[in-house]
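K.L.:
Going by this note's numbering, the sequence shown runs without a break in its numbering and finishes at 127. For each residue, glycine too, the CB sits at the ideal point set by N, CA and C. Predicted model, so just to flag it, every value in this text is computed and none were measured. Sharing a structure here in structure tokens format.
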Amino acid sequence: MIKYDNKIIGKGNSVGEFGNEMFILFGDSAPDTLKDYCYTIEPKKVDGEIKVGDVLDLDGNKFEILAVGNVAQKNFEDLGHLTVNFSESGEVDEVLPGAIVVKGQNNGIDVGTEIKIEG
Numbered sequence: 009m010i011k012y013d014n015k016i017i018g019k020g021n022s023v024g025e026f027g028n029e030m031f032i033l034f035g036d037s038a039p040d041t042l043k044d045y046c047y048t049i050e051p052k053k054v055d056g057e058i059k060v061g062d063v064l065d066l067d068g069n070k071f072e073i074l075a076v077g078n079v080a081q082k083n084f085e086d087l088g089h090l091t092v093n094f095s096e097s098g099e100v101d102e103v104l105p106g107a108i109v110v111k112g113q114n115n116g117i118d119v120g121t122e123i124k125i126e127g
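Have a look at this one:
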């Protein structure tokens with residue numbers, strides 16, 4: 009079941025500074041201090057709850073969700089804000105409140121990338 013489906017509509021000038029370890033999504037309300045580091049999406053609701061074991065799909069590249077921060081879904085739905093951290097090893101040291109951790113390596117995203125969450 010697809011719980012979420014959206015596309016990246018913009019990106020800040022400094023999104024590459026995080027390398028392949030993470031990326032940040034944010035709606036148009038991103039603070040000026042963060043805008044350059046974020047990919048822009050239109051905030052929308054998730055159909056259900058984002059849970060460990062769900063799959064993040066980035067243009068067909070699938071990543072198992074290993075951890076979900078305690079305000080990640082609320083921030084994602086209300087603000088379009090979500091930090092996605094990648095763990096190649098599949099180990100999770102910690103998860104920030106507004107983040108998810110997924111297993112694998114980021115192969116790169118850009119404007120037009122389709123983002124899905126499947127449960």
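Are the CB atoms of V92 and L74 nearer to each other than 9 Å?
P.N.:
The residue you call residue 92 lines up with position 84 of the sequence shown. The residue you call residue 74 lines up with position 66 of the sequence shown. The answer is no: Cβ separation not under 9 Å.
K.L.:
Measure the Cβ-Cβ separation of L42 and I108 and say whether it is below 9 Å.
P.N.:
Within the sequence shown, the letter at position 34 stands for residue 42. Within the sequence shown, the letter at position 100 stands for residue 108. For L42 and I108, no; Cβs fall outside 9 Å.
K.L.:
Return the residue from the list N114, I32 and A38 that minimises the CA-CA distance to E72.
P.N.:
In the sequence shown, residue 72 corresponds to position 64, counting from 1. Answer by Cα proximity: N114.
K.L.:
Between the Cα of K4 and those of K11, I32 and M30, spot the shortest distance and give me the residue it belongs to.
P.N.:
With the chain running from 9 to 127 in the structure shown, residue 4 is simply not present.
K.L.:
Who are the Cβ neighbours of K19 in its own chain at under 8 Å, not counting the five residues just before and after it?
P.N.:
For this step, residue 19 is matched to residue 11 along the sequence shown. Cβ neighbours of K19 beyond the five flanking positions: C46, Y47, T48, D118 and V119.
K.L.:
So, is D62 buried or exposed, given that buried needs 16 or more other C-beta atoms within 10 angstroms?
P.N.:
Position 54 of the sequence shown holds residue 62. Buried, because 16 or more other Cβ atoms sit within 10 Å of the Cβ of D62.
K.L.:
In chain order, what residues of the same chain have a beta carbon less than 6 Å from the beta carbon of G98, not counting five sequence neighbours either side?
P.N.:
Taking the first residue of the sequence shown as position 1, residue 98 is located at position 90. Answer for G98: K111, listed in chain order.
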